[in-house]
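Below is one structure, written out as structure tokens; comments come after it.
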Amino acid sequence: MSAGLVRLSLWRVLPRSFWIGATALLLVLAWRVPESVPEGLETVLPALADGHRRQTVWALALVLFLPLLVSRSAGLARTWRASDVDWFAPLPVARSRYVLSSSAALALAAFLAAGSTTLASELFAAGTPARRVVRTLEHPAFLAVEGHGPLRWSQADLDLGACAPGSALLLRPTVAPGSGPAVTVRATLEDAHGQRSSTEQRVFGRTRLLLPIPAGARGAASVTLERVGPGAVLALPRESIDLLLPSGGATRMGLELLLRLFLAFLAWSALACGLGAWMRPVYATGTTLALALPGGPQMVGANLAEAWRLAGEGLAPPAIGTEELLVALALCAAGSLLFARALGRGREEP
Amino acid sequence: MPLVLEIRGLGKSFGARSSLALLRLGGRRRLQVLAGVDLALEPGARVGLCGPNGSGKSTLLRIVAGIEPPDTGLVRLFGATPADPAARRRIGFLPEASPFPAELSARAALELFASLHGFGRRERHARVAASLERVGLADQAARALGRFSKGMLRRFGLAHAFLAEPDLVLLDEPTAGLDAAGHVLLDELLRESAARGATLLFASHHYEDVARHAERVVVLVDGRIVADGTPAGVLGGPERTLLEIEGLDATAIAELAREVARRGGRVVERHAGGPDLVDLLRRSRERG
Numbered sequence: 300m301s302a303g304l305v306r307l308s309l310w311r312v313l314p315r316s317f318w319i320g321a322t323a324l325l326l327v328l329a330w331r332v333p334e335s336v337p338e339g340l341e342t343v344l345p346a347l348a349d350g351h352r353r354q355t356v357w358a359l360a361l362v363l364f365l366p367l368l369v370s371r372s373a374g375l376a377r378t379w380r381a382s383d384v385d386w387f388a389p390l391p392v393a394r395s396r397y398v399l400s401s402s403a404a405l406a407l408a409a410f411l412a413a414g415s416t417t418l419a420s421e422l423f424a425a426g427t428p429a430r431r432v433v434r435t436l437e438h439p440a441f442l443a444v445e446g447h448g449p450l451r452w453s454q455a456d457l458d459l460g461a462c463a464p465g466s467a468l469l470l471r472p473t474v475a476p477g478s479g480p481a482v483t484v485r486a487t488l489e490d491a492h493g494q495r496s497s498t499e500q501r502v503f504g505r506t507r508l509l510l511p512i513p514a515g516a517r518g519a520a521s522v523t524l525e526r527v528g529p530g531a532v533l534a535l536p537r538e539s540i541d542l543l544l545p546s547g548g549a550t551r552m553g554l555e556l557l558l559r560l561f562l563a564f565l566a567w568s569a570l571a572c573g574l575g576a577w578m579r580p581v582y583a584t585g586t587t588l589a590l591a592l593p594g595g596p597q598m599v600g601a602n603l604a605e606a607w608r609l610a611g612e613g614l615a616p617p618a619i620g621t622e623e624l625l626v627a628l629a630l631c632a633a634g635s636l637l638f639a640r641a642l643g644r645g646r647e648e649p
Numbered sequence: 061m062p063l064v065l066e067i068r069g070l071g072k073s074f075g076a077r078s079s080l081a082l083l084r085l086g087g088r089r090r091l092q093v094l095a096g097v098d099l100a101l102e103p104g105a106r107v108g109l110c111g112p113n114g115s116g117k118s119t120l121l122r123i124v125a126g127i128e129p130p131d132t133g134l135v136r137l138f139g140a141t142p143a144d145p146a147a148r149r150r151i152g153f154l155p156e157a158s159p160f161p162a163e164l165s166a167r168a169a170l171e172l173f174a175s176l177h178g179f180g181r182r183e184r185h186a187r188v189a190a191s192l193e194r195v196g197l198a199d200q201a202a203r204a205l206g207r208f209s210k211g212m213l214r215r216f217g218l219a220h221a222f223l224a225e226p227d228l229v230l231l232d233e234p235t236a237g238l239d240a241a242g243h244v245l246l247d248e249l250l251r252e253s254a255a256r257g258a259t260l261l262f263a264s265h266h267y268e269d270v271a272r273h274a275e276r277v278v279v280l281v282d283g284r285i286v287a288d289g290t291p292a293g294v295l296g297g298p299e300r301t302l303l304e305i306e307g308l309d310a311t312a313i314a315e316l317a318r319e320v321a322r323r324g325g326r327v328v329e330r331h332a333g334g335p336d337l338v339d340l341l342r343r344s345r346e347r348g
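Heads up: the sequence lines are chains A and B, in that order.
Using the working numbering, you'd call the opening residue of the first sequence number 300 and step up by one each time.
Using the working numbering, you'd call the opening residue of the second sequence number 61 and step up by one each time.
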């Protein structure tokens, strides 16, 4: 590998002025985002404001960095064939050095793009300890009309003693369509020894309702859901309760988001680089961006869309899985191999 | 004495671009660029490659420089293949176009080339500074290559080609885009490299370049060598001598022409450029 070659390829893939400008734009956006969160909403779910900021910053980062990284990476092989081969090939170094340096440059560019995004989204974060969805609980579905008594059930698949301090239940009740705009709900969690926690909230549409698990709670949990005053018909569909466990603090969440974003940028860039060596760069760019769009095979982008959705809800995405990691590494390897094979072909035309 | 360059039966063809090239569908026309080329260069030789556009001069140089792989035949560079880094360490190549990284400054680009050559930091700095000074670009060292004029890029290309004091200098159309001062610079660089005992192989369209720098001329037409010999033997013998006349007005030149005609000769006036290889090629084609 050559530091000079890495630098050359890095600024070709991610022009320095663009990177500085984009980072400044992301920082300004992250600074201004809290003003766009409806007043009082951040108190409902403390991590919501941070989640909103993350999602907004990520959205702009994807618009700014993704097309640039992919299209520039797809054009690397063309640059080699059009010019670099003429000065590099006569030098007393193997072409593999060019391939390695280009791959390292792609990794650095992906890291700089992901790093700028993470810096912007985390710099102004309140540092609220983030929680992560561990699993969705089994529970019956409920419908509560006006005058209906409290709904009470025992959550048999939940052992409160196994939950770390700071854990919580995330309920997603809603109102029945056509029954009114909203209803106030009180949720209560009680352990086998009578320790309880409670929360009360106005439910309009599908609303998140955070129910902390009391510190030192043990045994089976019983959950009570009751209407407070008049309002719409309250509904709790199946699979509407998630168990949240602490994810290790805001810093760790920032680092996990950085890793996921880095892997996605790197996998997409490497894929575009490899494809661009064997087809026109514009086709390679289009193919890669089609794979990167939400709804495509999510493993290709380190499951970024799902992580983005969870981050927007103020939740930490699940830690990156082995499968996602392997797919990203396989794409990097495939892209580098395609690129390396193409460099040995020489030119197609005199 | 071991040969610097040995080429035997060299052949190269290129595939025409096709939108279906990726899928390898449909017939792919092949364009034969070099066919059965044999060439041997001894240490210190100064050889000019001549030929019309598309005759294969650049492709031949690119194969020797290790840029293109040959289809058939044998290429030995200092007894090794052009892919051997030890052999490539001893060559300097000036490409026909100036494909240098436009993003880098002249100094940064030369530093990069020197580092890839394996020079240590101190030697690298010294060589780069000396090279830029030598080609008259010292005051432009910090300027991006993308902002260089064509002539400046040619000078930079010369700095790149001579950076490592190569034993074999490969120049593709070295005078293209050079001004008069650039020609003088090229003369000096070639003289210095000849004094070091370096071997020179260059391609050019221009008779003057070949006559000035080469002691041997190889003419390529349609990828084949059609003539190989001294400049006088290939480009014209004693019966066709080129004189440069300066300082005479039109009347004096007319009188000179009359005198030459009286003695049985003929004066061909060329005010710009000068005689080229067209006549030679016509004659070689007439000879078959």
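The beta carbon of each residue, even a glycine, is placed where N, CA and C say it ideally should be.
At a cut-off of 8 angstroms between C-beta atoms, Leu164 of chain B counts as an interface residue with respect to chain A. Spatial neighbours of Ala321 of chain A in its own chain (CB-CB distance under 7 angstroms, excluding positions within 5 residues in sequence) are listed in chain order as Leu363, Phe364 and Ser415. Against chain B, the beta carbon of Arg311 of chain A has neighbours under 8 angstroms at Glu163, listed in chain order. At least one CB atom of chain B sits nearer than 8 angstroms to the CB of Pro391 of chain A. DSSP places Gln354 of chain A in the uninterrupted alpha helix (DSSP H) bounded by Leu347 to Ala373. Contact annotation: the stretch 178 to 196 of chain B touches the stretch 213 to 225 of chain B, with at least three C-beta pairs closer than 8 angstroms. Trp452 of chain A is bridged by DSSP to A:Val522. According to the DSSP secondary-structure assignment, Phe173 of chain B is paired through a beta bridge with no residue.
Annotation: the continuous alpha helix (DSSP H) that includes Pro145 of chain B extends over Pro145 to Arg148. For the stretch 369 to 386 of chain A, the residues whose beta carbon sits under 8 angstroms from a beta carbon of chain B are, in order, Ala381, Ser382, Asp383, Val384, Asp385 and Trp386. A straight line joining the alpha-carbon of Ala125 of chain B with that of Arg149 of chain B spans about 11 angstroms.
In the DSSP assignment, the residues bridged to Val107 of chain B are B:Leu261 and B:Arg276. Around the Cβ of Ala627 of chain A, a 10 Å sphere holds 16 or more other Cβ atoms; the residue is buried. In the DSSP assignment, Asp490 of chain A forms no beta bridge with any residue.
Look at the beta carbons and you see the stretch 468 to 483 of chain A not touching the stretch 551 to 566 of chain A: under three pairs across the two are nearer than 8 angstroms.
When 9 angstroms is used as the limit between beta carbons, Ser253 of chain B is near no residue of chain A, the shortest such separation being about 16 angstroms.
By alpha-carbon distance to Met300 of chain A, the top candidate from B:Leu172, B:His273 and B:Glu275 is B:Leu172.
Beta-carbon to beta-carbon, Leu164 of chain B and Ala204 of chain B are separated by about 7 angstroms, close enough to satisfy the 8 angstroms threshold. By the criterion of a C-beta distance shorter than 6 angstroms, Arg284 of chain B is surrounded in its chain by Ala95, once the five residues flanking it on both sides are discounted. At least one C-beta of chain B is nearer than 8 angstroms to the C-beta of Gly303 of chain A.
For Ser382 of chain A, the secondary structure class from DSSP, reduced to helix, strand or coil, is helix. For the set A:Gly303, A:Ala604, A:Glu437 and A:Val482, the Cα lying nearest the Cα of Ser521 of chain A is the one of A:Glu437. The beta-carbon separation of Lys72 of chain B and Glu128 of chain B, rounded to 7 angstroms, stays under the 8 angstroms limit for a contact. When rounded, the separation of the alpha-carbon atoms in Ala240 of chain B and Ala310 of chain B is 24 angstroms. Taking C-alpha positions only, Ile305 of chain B is separated from Leu280 of chain B by approximately 31 angstroms. By the C-beta density criterion, Ile540 of chain A is buried, having at least 16 other C-beta atoms within 10 angstroms.
Spanning the alpha carbons of His177 of chain B and Arg396 of chain A requires a straight line of approximately 13 angstroms. Look at Ser395 of chain A here: in three-state DSSP terms it is helix. Check the Cα spacing between Leu328 of chain A and each of A:Trp318, A:Arg352 and A:Ser316: the tightest is with A:Arg352.
For Thr235 of chain B, no alpha helix (DSSP H) encloses it, and the DSSP letter there is neither H nor E.
Judged by beta-carbon spacing, Gly575 of chain A lies beyond the 8 angstroms limit of Ala412 of chain A, meaning their Cβ atoms are not closer than that value. For Gly479 of chain A, the closest of A:Cys462, A:Asp490, A:Trp330 and A:Arg501 by C-alpha to C-alpha distance is A:Arg501.
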